[in-house]
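Here the structure is laid out as structure tokens; the discussion comes afterwards.
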Amino acid sequence: MKKHFIIFFAVIIISHAFAQESECEISYQKLVDNLYFDASHHFLAVFVNLDYALSQMRVQDFMLRSMKLVHHDEGCRWEGANHWVEEYRPGLSVGNDIKYLKVHYYIKETDDTPMYSTHIGKCNTLVKCEIVGSPTLVVQFLSNYWEREIEIGGPSKGEKAHLDFMGDHIALYHINDNLYKIVITDNGRNFNYKCNFRKKE
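This is how it looks when you write it as structure tokens:
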């Protein structure tokens, strides 16, 4: 009887553990559905500690549809095994003073849940993102993408402005008069996307 009780108790514990894991398994679709209403342009994403495909696709849509910037194929390349760069320019870029934005994705392979269930192998998890380029375009992106109040200054040296969204810390830097940069990193709030956007049973 005692042996049966121990086995039964062990089964209950294991079942509870698997249930918790199932409940906390991330559902990217539910996350996307929630983000859809968080900005009028409907392309809002969160970046750090999630599959890079989520932010890459949504940033690309925002660049093309909202900012009317064209994907510049010659400026898209790998700069190392874990560093992907995409470049965007206005549709009519003439002369020497060509405005542009470059998006730098810094990724690492993890065992996290990928965005697509058909994905095989490791997940390309984003650890940092930088958006670098012409000052007017960088400021336009910062102001219009998150559609939230931006605070002047920031907790880190050199930050000219910043905001926090979910687990992301978004900071604006002035590199020089011709170059601004947005850096997106983990804000240390330990935002749990898996439990906040769990699958519907």
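Sequential numbering of the sequence shown, starting at 1243, is according to this note's numbering.
A virtual CB, placed ideally from N, CA and C, is assigned to each residue, including glycine.
Alpha helix (DSSP H) segment containing residue i, residue limits
{"i": "Asp1275", "result": "1270 to 1278"}
{"i": "Asn1438", "result": "1435 to 1438"}
{"i": "Gln1301", "result": "A small fix is needed here, since residue 1301 is Val in this sequence, not Gln. Taken as a continuous stretch (DSSP letters only), the alpha helix (DSSP H) holding Val1301 covers 1294 to 1303."}
Opening and closing residue of the beta strand (DSSP E) in which residue i lies
{"i": "Phe1383", "result": "Segment 1377 to 1387 is the alpha helix (DSSP H) holding Phe1383; no beta strand (DSSP E) there."}
{"i": "Arg1319", "result": "1311 to 1320"}
{"i": "Ala1423", "result": "Correcting the residue identity first, residue 1423 is Lys in this sequence and not Ala. Its beta strand (DSSP E) spans residues 1421 to 1428."}
{"i": "Pro1332", "result": "1325 to 1332"}
Burial state of residue i (16 or more Cβ within 10 Å)
{"i": "Trp1320", "result": "exposed"}
{"i": "Ile1248", "result": "Here Ile1248 scores only 48 on pLDDT, less than 50, and its place in the model should not be relied on; the value that follows carries that caveat. By the 10 Å Cβ count, Ile1248 comes out exposed."}
{"i": "Pro1397", "result": "exposed"}
{"i": "Leu1414", "result": "buried"}
{"i": "Arg1431", "result": "exposed"}
{"i": "Gln1271", "result": "exposed"}
{"i": "Phe1289", "result": "buried"}
{"i": "Asn1366", "result": "buried"}
{"i": "Gly1207", "result": "No answer is possible for residue 1207: the residues shown for the chain start at 1243 and end at 1443."}
{"i": "Val1279", "result": "Per the sequence presented here, residue 1279 reads as Phe, with Val not at that position. Counting Cβ neighbours within 10 Å, Phe1279 comes out exposed, since fewer than 16 surround it."}
{"i": "Tyr1435", "result": "buried"}
{"i": "Cys1437", "result": "exposed"}
{"i": "Asn1418", "result": "exposed"}
{"i": "Tyr1358", "result": "exposed"}
Bridge-paired residues (DSSP) for residue i
{"i": "Leu1368", "result": "Ile1349"}
{"i": "Phe1407", "result": "Asp1410"}
{"i": "Tyr1358", "result": "DSSP, once it has assigned bridges, lists no residue as partnering Tyr1358."}
{"i": "Trp1341", "result": "The sequence given here has Lys at residue 1341, not Trp. None; Lys1341 has no bridge partner."}
{"i": "Glu1393", "result": "His1404"}
{"i": "Val1374", "result": "Lys1344, Lys1423"}
{"i": "His1416", "result": "Tyr1422"}
The segment 1346 to 1356 / the segment 1378 to 1392 touching (three or more Cβ pairs under 8 Å): By the Cβ criterion, the segment 1346 to 1356 is not in contact with the segment 1378 to 1392, since fewer than three pairs of Cβ atoms, one from each stretch, lie closer than 8 Å.
Is it true that the segment 1385 to 1396 meets the segment 1321 to 1331, where meeting means three or more beta-carbon pairs spaced less than 8 Å apart? Three or more Cβ pairs closer than 8 Å define a contact, and the segment 1385 to 1396 falls short of that threshold against the segment 1321 to 1331.
Does the structure place the segment 1303 to 1313 close enough to the segment 1363 to 1378 that three or more beta carbon pairs sit under 8 Å? Taking 8 Å as the limit for Cβ pairs, the verdict is that the segment 1303 to 1313 does not touch the segment 1363 to 1378.
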